[in-house]
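Here's the structure we're looking at; comments come further down.
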Amino acid sequence: MSDPYLLAASLLTTNPIAAPPPPTLPLNLLDNLSALFVSTVARTLQSGVTQQTIPIVETSSPEFSVSPNRVQAATLTTHSQTFAKPQSPVLSPTSGTQLYYQRVAALKAGKIYTRLSSDSFQSSWAKSSKALTKPTHEQWKYLLAQEAKAMAKGQGTNRLSILVGDSLTLWFPSQGLSNNQFWLNQGISGENSTQILNRLSAFSQTRPNTIYLMAGTNDLRQGVSDRVILDNTRQILRRLRQTHPQAQVIVQSILPMRLGAIPTERIRNLNQQIALIAQQEGAGYLNLHSLFVDDEGQLRRDLTTDGIHLASSGYDVWQQGLQYAEFVIAAN
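Encoded structure:
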């Protein structure tokens, strides 16, 4: 991909997106997700963490919290956020290579990838992956940076949310995102928290209202220590808060897995520490772990394809978590 692709930025709409009528928040959604929200993590937990050690912090499982300076004693109300339930398309990319070429085609056409149907630009990618040159990690980074530059120029007065993470984020179906704002997907397959930290500048010129971070899954698979994961998480949150002071930054919990080599207790402890770091850094925390875990502390079989990655049903659950977070943010 070459620099002329930046010309696509001029094609992005700068007019406000018409918001649909406010939906009614389903009662069953409140029943299932109300536990995700608490105002803050108990401040007494802070005494349990030092710069030298990472103790197991026993908590009442803090769930979703907006940053302290934005928390109000508000009643959740409905608003103009509308999330479409992800649908199974007739044809959509099934490999990272196909997805890459679809997104390249969208950018060249001046389109926002996250606002297109998943079967768009078939002539660019609907062929065997063997017939397409597999993109390198650097090419993925370049593509995402160009998408971010185009968004920065074409956002106008529209709201923007950014998803940051690895392959779990990369494959979040666009049909599951609210359609009355822009979304920028900054997920790259295989990345660990260090790699995510090192590419935050790619979207530094955007003006997001909300940034959702998920990091740590690949660190665990690659044998990275808890200390590195937590230090990187803190640095990512701190940098996002500094670069985007107007945005609500939300770190999402590490999802459970079905890998014997990674103890379920380790993931639980990491998430407790991440929740505390989020509070200390003025960020929000969204506990998706509790929605995905089974009675044995592992990723529910019905939500995964291989014990790590998510099936469409898994993304449906994640979508509900984001939907609830968006409702809470709008109510504060």
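With my numbering applied, the sequence shown corresponds to residues 79 to 410, in that order. No residue lacks a Cβ here, since even glycine has one placed at the ideal position from N, Cα and C.
Residue i versus residue j: straight-line alpha-carbon distance, rounded
i: H387; j: Q224; result: 26 Å
i: A187; j: N287; result: 26 Å
i: K227; j: R285; result: 11 Å
i: L366; j: K189; result: 31 Å
i: K219; j: R277; result: 8 Å
i: Q217; j: L246; result: 19 Å
i: R378; j: S267; result: 22 Å
i: Q357; j: L169; result: 42 Å
i: Q273; j: R316; result: 16 Å
i: G265; j: L298; result: 17 Å
i: P251; j: L210; result: 22 Å
i: I345; j: A339; result: 12 Å
i: Y191; j: L308; result: 31 Å
i: A184; j: S391; result: 26 Å
i: S196; j: L255; result: 13 Å
i: N410; j: Q397; result: 20 Å
i: T175; j: R193; result: 20 Å
i: Y179; j: K208; result: 13 Å
i: G399; j: Q200; result: 31 Å
Buried versus exposed, by CB contacts within 10 Å (16 or more), residue i
i: Q253; result: buried
i: A120; result: Residue placement at A120 cannot be trusted, given a pLDDT of 30 that sits under 50; the coordinates are not used to answer.
i: Q401; result: buried
i: D380; result: exposed
i: G301; result: exposed
i: R181; result: buried
i: P323; result: exposed
i: A403; result: buried
i: Q130; result: With a pLDDT of 33 at Q130, under the threshold of 50, the predicted position of this residue should be treated as unreliable, though the coordinate-derived value follows. Under this definition Q130 is an exposed residue.
i: E269; result: buried
i: S303; result: exposed
i: S173; result: exposed
i: T214; result: exposed
i: T382; result: buried
Extent of the continuous beta strand (DSSP E) to which residue i belongs
i: F405; result: Element bounds for F405: not the beta strand (DSSP E) but the alpha helix (DSSP H), S390 to A409.
i: Q283; result: First-last for Q283: undefined, no H or E at that position.
i: S239; result: L238 to G243
i: N310; result: Where N310 is concerned, there is no enclosing beta strand (DSSP E), although the alpha helix (DSSP H) it sits in stretches over D304 to T321.
i: G265; result: F260 to G265
CB-CB length for residue i against residue j, believed under 8 Å
i: L318; j: I289; result: 6 Å
i: I314; j: A293; result: 7 Å
i: D244; j: N310; result: In fact, because the Cβ distance is near 13 Å, the residues do not count as touching under 8 Å.
i: R312; j: I355; result: 5 Å
i: L291; j: V242; result: 5 Å
i: T321; j: S282; result: 5 Å
i: V406; j: L369; result: Not really, about 15 Å apart at Cβ, beyond 8 Å.
Boundaries (first-last residue) of the alpha helix (DSSP H) holding residue i
i: N296; result: T295 to R299
i: G254; result: Per DSSP, G254 belongs to no alpha helix (DSSP H) and is neither H nor E.
i: W249; result: No alpha helix (DSSP H) contains W249, which DSSP labels as neither H nor E.
i: Q357; result: T342 to Q358
i: G232; result: H215 to G232
i: Q330; result: Note, Q330: premise wrong, no alpha helix (DSSP H); beta strand (DSSP E) at Q326 to Q330.
i: G362; result: Note, G362: premise wrong, no alpha helix (DSSP H); beta strand (DSSP E) at G362 to L364.
i: H367; result: H367 to F370
i: T175; result: G174 to K186
8 Å Cβ cutoff, residue i in contact with chain B
i: D380; result: Of the protein chains in the structure, only one exists, and it is not chain B.
Contact test: residue i Cβ vs the ligand ZN heavy atom, cutoff 7 Å
i: I274; result: Only the bare structure without any ligand can be found here, which leaves the ligand ZN out of the picture.
Point to revise | Three or more C-beta pairs below 8 Å linking the segment 347–362 and the segment 319–334 | key: yes
Review point. Counting pairs of Cβ atoms below 8 Å between the segment 254–261 and the segment 331–342, do you hit three or more?
Key: no
Review point. Counting pairs of Cβ atoms below 8 Å between the segment 195–205 and the segment 227–246, do you hit three or more?
Key: no
Check your understanding: Using 8 Å as the threshold, is the segment 381–399 in touch with the segment 338–352, meaning 3 or more CB pairs across them?
Key -> no
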